[in-house]
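J.:
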Amino acid sequence: MRICMRENNGGDLKMDTPDWHKNMAELAAKQGGITAPTRGFYFVRHGETFYNDAQVIQPVMGSQLNANGKAQAEKAGPKLKDRAFDAYYASDQERAWMTAQIIASHCGRPVHPNPDLRERDWGRWAGRSNVDLQWAGSPERGETLEEFVIRTLRGINSALENGDVTVVAHGGTFAVLLAAIGHPLRRPEKYGARVLDNAAPMRVTPPEGDGEWKVEAL
1 MRICMRENNG
11 GDLKMDTPDW
21 HKNMAELAAK
31 QGGITAPTRG
41 FYFVRHGETF
51 YNDAQVIQPV
61 MGSQLNANGK
71 AQAEKAGPKL
81 KDRAFDAYYA
91 SDQERAWMTA
101 QIIASHCGRP
111 VHPNPDLRER
121 DWGRWAGRSN
131 VDLQWAGSPE
141 RGETLEEFVI
151 RTLRGINSAL
161 ENGDVTVVAH
171 GGTFAVLLAA
181 IGHPLRRPEK
191 YGARVLDNAA
201 PMRVTPPEGD
211 GEWKVEAL
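Counting from 1, position 135 in the sequence shown corresponds to residue 135 in the numbering used here; the numbering is continuous, with no gaps.
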């Protein structure tokens with residue numbers, strides 16, 4: 001399996017992947033990356049919240065879906081209804097847990113909480129603007145980038161140990177996942193937004209032989 005950071009359509013790799021995401025890739029590689037056996041899985045970021053709409057760093061707990069976020073989750077449900085997987089593994093933070101429950105109402109599969117899939121704990125930075133957020137920083141009473149990467153990989157790998165699954169988590173979780181599989185962060189023609197649109201289901205497929213991971217919107 002080959003892990004590499006590739007240029008996007010011949011563009012500048014630095015534009016596609018900021019330095020902090022390259023650091024994520026290095027940290028993920030030290031942890032072994034995605035180690036759980038998988039034939040592929042689905043990933044969904046939570047629906048929109050008040051904090052997303054206001055472009056504010058979210059607290060650890062207390063951030064729920066707004067009306068638009070609930071509608072986004074309802075729209076995502078049918079996209080996963082006929083897909084082949086056994087269960088959802090979701091961050092236990094309200095916004096992700098609510099998203100998973102709404103999507104699961106369309107599909108009839110169990111939802112299991114996994115605290116290791118939580119968004120990065122931003123400590124005392126919670127409530128600040130997230131515009132130009134310094135991911136490489138170390139927020140007071142929060143997690144360092146390394147702590148976040150280690151925890152997130154543990155959460156993803158533990159979910160994948162359960163077979164064919166859908167992971168419901170956060171934009172930060174998706175950023176770690178991309179770093180671990182050698183994808184640049186900014187690939188709008190694939191992911192929609194800078195990282196990933198709210199409640200946008202993605203299919204993540206492992207490489208065949210010496211190939212590369214694929215990440216595709218449903």
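In this text, a Cβ means the ideal position worked out from N, Cα and C, and glycines have one as well.
Compute the distance between the beta-carbons of L153 and W20, then report whether it is under 8 Å.
T.: Within the sequence shown, the letter at position 153 stands for residue 153. Within the sequence shown, the letter at position 20 stands for residue 20. No. Outside cutoff.
J.: Among I150, L196, R203, whose alpha-carbon lies nearest the alpha-carbon of T35?
T.: If you number the sequence shown from 1, residue 35 lands on position 35. Of the candidates I150, L196, R203, the one whose C-alpha sits nearest the C-alpha of T35 is I150.
J.: Residues in the same chain with beta-carbon distance under 6 Å from D128, minus the five sequence neighbours each way, listed in chain order, please.
T.: Here residue 128 refers to the residue found at position 128 of the sequence shown. One detail in the question is off: residue 128 reads as Arg in this sequence, not Asp. The beta carbon of R128 sits closer than 6 Å to those of I57, all from its chain and outside the five residues before and after it, given in chain order.
J.: The beta strand (DSSP E) spanning R45 covers which residue range?
T.: The residue given as residue 45 occupies position 45 in the sequence shown. 41-45 is the extent of the beta strand (DSSP E) around R45.
J.: DSSP state of P113, grouped into three classes?
T.: Working through the sequence shown from its first residue, we reach residue 113 at position 113. Strand.
J.: Need the endpoints of the beta strand (DSSP E) that A126 sits in, please.
T.: Taking the first residue of the sequence shown as position 1, residue 126 is located at position 126. No beta strand (DSSP E) holds A126; DSSP gives it neither H nor E.
J.: DSSP has R203 in a bridge; who is on the other side?
T.: Residue 203 sits at position 203 when you count from the first residue of the sequence shown. For R203, which the question treats as bridged, DSSP gives the partners Y42, E216.
J.: Residues bridged to Y88 by DSSP?
T.: Stepping through the sequence shown from its first residue, residue 88 is reached at position 88. Beta-bridge pairing links Y88 to V111, T166.
J.: If you check the beta carbons only, do A76 and P184 fall under 8 Å apart?
T.: On the sequence shown, position 76 is the one that residue 76 refers to. On the sequence shown, position 184 is the one that residue 184 refers to. Cβ distance not < 8 Å, so A76 and P184 don't count as in contact.
J.: Does DSSP put V56 in a helix, in a strand, or in coil?
T.: Here residue 56 is taken as the residue at index 56 of the sequence shown, counted from 1. Three-state result, V56: strand.
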